[in-house]
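Structure first, commentary second.
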Amino acid sequence: MNKISTRQATLVYIVTGIILIIFMIPIYLILASSLKPSADMFSPSADGLFTPTLQHYVDLFTLRPFHWNIINSLVVTLGSTLFSVTVRSLGAFALSRIRHPRINDAAFWILSMRMFPPIAVVVPYYIIFKSVGLLDTPLALIIVYSTANIPLTVWLMKGFFDEVPEALEEAAQVDGYGIVEIFYRITLPLAAPGLAVCAVFCFIFSWNEFLFALMLTGSSAQTATVAVMSFWSSDAVQWGRIMAGSFIILIPGVIFVLTCQKWLVKGLTLGSVK
Amino acid sequence: MASVSLSNVVKAFGAFKVVHGVDLDIADGEFVVLLGPSGCGKTTTLRMVAGLEDVSGGEICIAGEAINDRPPKDRKIAMVFQNYALYPHMTVRQNMEFALKPQKLSKAEVDAKIAGVAGMLGLDALLQRKPAQLSGGQRQRVAMGRAMVRTPEVFLFDEPLSNLDLKLRTQVRMEIAKLHKQLGTTVIYVTHDQVEAMTLADKIVIMKDGYIEQIGSPEEVFAHPKNLFVATFIGSPSMNLFRMTVERSEKGPVLSSAAFTIAAPADMNGKVHTRPGGDTRHPPQRRPPCPGR
């Protein structure tokens, strides 16, 4: 590959910078608004400066049990992510390895679940969870989130499993291992980047999800995203608290993605087979 | 160490047969090479012995025991794959340890075995490296080490040298021959390279289109090919072929062509006959199943 010239590098940095600014503006606005006194929210001073205050953050945790909403969100998100990653990787492994003339039909059937809008199933979910007494529990949301992303993540993991050479599994078979051990000791570690991508997708989806959380939870299992919107009422919109809540909601996602980042590296299978 | 025998072994994918009733006896400690062009069924046959392919018909025995329905781990075999199949997330040492783990040995025994094999193959300096940090030749040696460390009864090699350059190939070939002499383990070795076959084998099995064309020592298949395929396949440059006519002369039968005439070989006397078309292949001889049973 040719070396990138200084000029090209500068261009890359400029374009990256512009893109970064475009993406960072909303986050800056959220942070700035969460620190502004309510009075300055819509009537900024001429120089745009304001005296920062943590009042909205304090209100969030003192006037409402926002910490409980965050805990609910964490339970639901981690629960569904863990469940999804374990179960879906097994499913994807089966799709990747089973030789059967109809296996592609099964794979397509899984993909077809992606073809209807989530809102179509909200009411049936509501009726089902109400009848089994799971309404307004974290378990209901864990079940919903764990099923919602099946098509995407199963297909994603299948792609990563397809990349792991079958010769490695055969070698392990000859070495004396059964299929379950081979999966956990050979295939899964080599598909770790896929697992990380899958986990990130599940985490972000579950953490940010609003529609199902709004419909299926009441006060006890309410998640942070729904709680933030409760500051939006017909009487008043408390922008400061909404922004403070939104900023807090951003943080775990960023931490999770950064944690998974080291697994998101390619090239783990380099050197295994020629 | 163990003998291996294949009786009427068939492999079919659906209605499509790729191995047609192979019969083969491999003595204890023998080095047998399955040789043939691509797609002749040699690798499939080896994989059936390894247990990586189901056997569609017939019986495979190792040390007199039928092993058709046993998983690979219960066959006392070790295999070296064409692409080495080293576990990329493990170091060389861990690759070998992983192969030993199912045997549930003590740590001292594992260490001793690894040290022994590493010494024999010159892997001592590489034990802490991962496969990605090794050259092709080193990977090949590690793959052999991983197979050797388990002290199997039968070694299976699936074209182990085809990814190496010519010089390295010659060198590793010598090493394999030396190791076989040292260990005395039964070896089944698949290759399409006749130089490898001729230099390594005690016995060569030449295959084509899923049939065995000839079984014999390297000298036998070279000097006395059983049929035209073997005659043209073995030897480089390959044997010259002439279309001859059998004729009578006052000195006895002669073979003549437009260019020259030679006396028919003595053992041809009385054997020359014509077959009214159809298959000229020798009809397969059925044998009793596993000798040890």
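As they're listed, the protein sequences go chains A and B. At position 176 of the first sequence the residue is numbered 175 (numbering that gives the first Met the number 0), and the sequence of numbers has no breaks. At position 82 of the second sequence the residue is numbered 81 (numbering that gives the first Met the number 0), and the sequence of numbers has no breaks. Each residue gets a CB set at the ideal place from its N, CA and C atoms; glycine is no exception.
Going by DSSP, what residues sit across from residue i in a beta bridge?
i         : result
B:Met-78  : B:Leu-155
B:Cys-60  : B:Ser-4 and B:Ala-65
B:Arg-247 : B:Pro-252
A:Trp-231 : A:Val-236
B:Thr-260 : B:Ser-255
A:Gln-221 : Paired residue(s): none; A:Gln-221 is not in a bridge.
For chain B, check one thing: does any of its Cβ atoms lie closer than 9 Å to the Cβ of residue i?
i         : result
A:Pro-188 : yes
A:Ala-170 : yes
A:Pro-164 : yes
A:Leu-267 : Per-residue confidence for A:Leu-267 stands at a pLDDT of 48, beneath the threshold of 50, marking its modelled position as unreliable; no derived number is given.
A:His-99  : no
A:Ile-17  : no
Any beta-carbon of chain A closer than 9 Å to the one on residue i?
i         : result
B:Ala-1   : no
B:Lys-106 : no
B:Ala-14  : no
B:Ile-76  : yes
B:Gly-136 : no
B:Gln-170 : no
B:Leu-49  : Note that residue 49 of chain B corresponds to Ala in the displayed sequence, not to Leu. Yes - at least one Cβ of chain A is within 9 Å of the one on B:Ala-49.
B:Phe-80  : yes
B:Arg-145 : yes
B:Arg-140 : no
B:Arg-149 : yes
In chain order, what residues of the same chain lie with their CB nearer than 7 Å to the CB of residue i, ignoring the 5 residues before and after it?
i         : result
B:Met-47  : Val-8, Lys-10, Val-54 and Ile-59
B:Phe-241 : Ser-256
A:Thr-136 : Ala-220
A:Asn-68  : Gln-221, Thr-222, Ala-223 and Ala-226
B:Ser-161 : Gln-81
A:Leu-213 : Val-225
A:Ser-4   : none
A:Ile-149 : Arg-87, Ile-109 and Met-112
B:Thr-190 : Val-32, Leu-34, Glu-158 and Ala-196
I want to verify the contact list: residues of chain A whose CB lies under 8 Å from the CB of residue i, in sequence order.
i         : result
B:Tyr-86  : Leu-167, Ala-170, Ala-171, Ile-185 and Ser-271
B:Pro-101 : Asp-174, Gly-175 and Tyr-176
B:Leu-165 : Near B:Leu-165 there are no residues of chain A at all, since even the closest Cβ is about 16 Å away, more than 8 Å.
May I ask which residues mark the beginning and end of the alpha helix (DSSP H) holding residue i?
i         : result
B:Gly-13  : B:Gly-13 -> no alpha helix (DSSP H), and no H or E assigned at all.
A:Gly-158 : 149-162
A:Thr-280 : An answer regarding residue 280 of chain A cannot be provided, because it is not within the stretch 0 to 273 covered by chain A.
B:Thr-43  : 41-49
A:Thr-80  : 65-96
B:Glu-218 : 217-222
A:Ala-173 : According to the sequence provided, residue 173 of chain A is Val. The question's Ala does not apply to it. Note, A:Val-173: alpha helix (DSSP H), 165-174.
B:Leu-182 : 165-182
B:Val-31  : First-last for B:Val-31: 30-34, but that is the beta strand (DSSP E), not the alpha helix (DSSP H).
A:Asp-104 : 102-111
A:Ser-32  : 5-34
A:Pro-192 : 191-207
B:Gln-137 : 135-147
Tell me which residues share the same chain as residue i and place their Cβ nearer than 6 Å to its Cβ, disregarding the 5 neighbours each side in the sequence.
i         : result
B:Lys-75  : Pro-151 and Glu-152
B:Leu-167 : Gly-136
B:Lys-207 : Gly-35, Cys-39 and Phe-228
A:Thr-216 : Asp-135
A:Tyr-56  : Ala-243
B:Leu-5   : Val-21, Leu-23 and Ile-59
B:Ile-261 : Leu-254
Taking only heavy atoms of the ligand NAP into account, decide whether any of them is closer than 8 Å to the Cβ of residue i.
i         : result
B:Asp-110 : Absence of the ligand NAP from the depicted structure is noted, as is the absence of any ligand whatsoever, leaving it without description.
In chain A, what lies closer than 7 Å to residue i by C-beta?
i        : result
B:Asn-67 : Those within 7 Å of B:Asn-67 in chain A number zero; the least Cβ separation is about 16 Å.
B:Ala-98 : Asp-174
B:Pro-71 : Gln-172 and Val-173
Looking only at its chain, what residues have a beta carbon closer than 8 Å to the beta carbon of residue i, apart from the 5 residues adjacent to it on each side?
i         : result
A:Leu-151 : Arg-113 and Phe-200
A:Ala-171 : Glu-180, Ile-181, Arg-184 and Ile-185
A:Ile-118 : Leu-210
B:Ile-211 : Val-21, Asp-22, Leu-23, Val-204 and Ile-205
B:Val-109 : Glu-96 and Leu-99
B:Pro-70  : Gly-50
What residue range is occupied by the uninterrupted beta strand (DSSP E) comprising residue i?
i         : result
B:Thr-190 : 185-190
B:Lys-202 : 202-207
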